[in-house]
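Per numbering that gives the first Met the number 0, the very first residue in the sequence shown carries number 0; after that it's consecutive.
Worksheet: the structure to be examined is printed underneath.
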Amino acid sequence: MTTPVSNERDKRIGERDTRIDVLRALALLTIFVDHVPGTVFENWTYKNFGFSDAAEAFVLISGISVALAYGTKFKPGGRLLATLKMWRRAGVLYIAHIVITMVVIALFCAAALFAHRPEMLTMINIEPLMKNTPQVLLGIVTLGHQLGYNNILPVYAALLLAAPAFVLFVSHRPVTALIVSGLLWLVAGIWQIAPPNYPEPGLWFLNPLSWQ
């Protein structure tokens, strides 16, 4: 027995550019290799030969995906719906980030308790949570406190929140948008402008203003 598939779904599947998925998968695989130090493979990833690594590639490819998915829909009469879809996606990423953060904390707590490795609670920015639980929990929820290796989803969500403005700007003034983006990157880098951490001092490890 087979389930009929609508023509609309066939059309959506046909419109998906699988090349983007392949490149994104390669970027994620490279990120994984780069985050497992000591292997022979990390010597051959392109972080060793250029000015960026796979994280930048992932964000770039994700930006291209957003443009392909929503760019043609971002026209008069459809902008509100496209904006709400992008913001809903940002909300999904936010929830995923919070869930992943809680799972990681639970895993490190389990290792500290059952494997008798209390030093695990001093790693990847978990120690402030042990010392100042109420404030750090608030920081986690507001994205002011992020665990090590758990920084990419907040950046992606922040960029998706701003994506409607980006898409609208690019559709009307592409050259001006590129110049403004470059100036924003330069100013944010020189003057260290970024969302602040909370309650710990400092700024976001991955700055959305430098990745737009």
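Quick reminder that beta carbons are idealized off the backbone N, C-alpha and C, glycines included.
Bear in mind that the values here come from a model prediction, so they are computed numbers and not experimental data.
Residues near tryptophan 203 by beta carbon distance below 6 angstroms, same chain, minus five either side: Here residue 203 corresponds to residue number 204 of the sequence shown, with the count starting at 1. So the qualifying residues of the chain are Ala193, Pro194.
For methionine 129 versus leucine 142, is the C-beta spacing smaller than 7 angstroms? Within the sequence shown, numbered from 1, the residue matching residue 129 stands at position 130. Within the sequence shown, numbered from 1, the residue matching residue 142 stands at position 143. Contact flag unset, no.
Under the rule that 16 or more other beta-carbon atoms within 10 Å means buried, what is isoleucine 254, buried or exposed? For residue 254 there is no data in the structure shown, the boundaries of the chain being 0 and 211.
Using three-state DSSP, classify proline 195 as helix, strand or coil. As a first step, residue 195 must be located in the sequence shown, where it is residue number 196. Three-state result, proline 195: strand.
Have a look at Ala89, Asn124, Trp86, Ala54 and flag the residue whose alpha-carbon is nearest the alpha-carbon of valine 103. Position 104 of the sequence shown, counted from the first residue, corresponds to residue 103. It is Asn124.
I believe valine 166 touches phenylalanine 73 by the beta-carbon criterion, under 8 angstroms. Please report the beta-carbon distance rounded to the nearest angstrom. Counted from its first residue, the sequence shown places residue 166 at position 167. Counted from its first residue, the sequence shown places residue 73 at position 74. 5 angstroms between Cβ atoms; contact.
Which partner residues of leucine 202 appear in the DSSP bridge assignment? Sequence index remark: in the sequence shown, residue 202 carries index 203 (1-based). Pro195.
Which residues mark the beginning and the end of the alpha helix (DSSP H) in which phenylalanine 31 is found? Translated into positions along the sequence shown, residue 31 becomes position 32. Phenylalanine 31 -> alpha helix (DSSP H) spans 17 to 33.
Contact check, phenylalanine 50 vs alanine 26, beta carbons under 7 angstroms: Start at 1 with the first residue of the sequence shown, and residue 50 comes out as number 51. Start at 1 with the first residue of the sequence shown, and residue 26 comes out as number 27. Cβ atoms of phenylalanine 50 and alanine 26: not closer than 7 angstroms.
Suppose only complete runs of 4+ residues qualify. What are the alpha helix (DSSP H) ranges in the segment 134 to 178, listed by chain order? 151 to 171
What does the alpha-carbon distance come out to for the pair aspartate 9 and threonine 71? Your numbering for residue 9 matches position 10 in the sequence shown. Your numbering for residue 71 matches position 72 in the sequence shown. Since pLDDT at aspartate 9 reaches only 46, below the 50 mark, its modelled position is unreliable, and the value read off the structure follows with that caveat. Distance between the alpha carbons of aspartate 9 and threonine 71: 18 angstroms.
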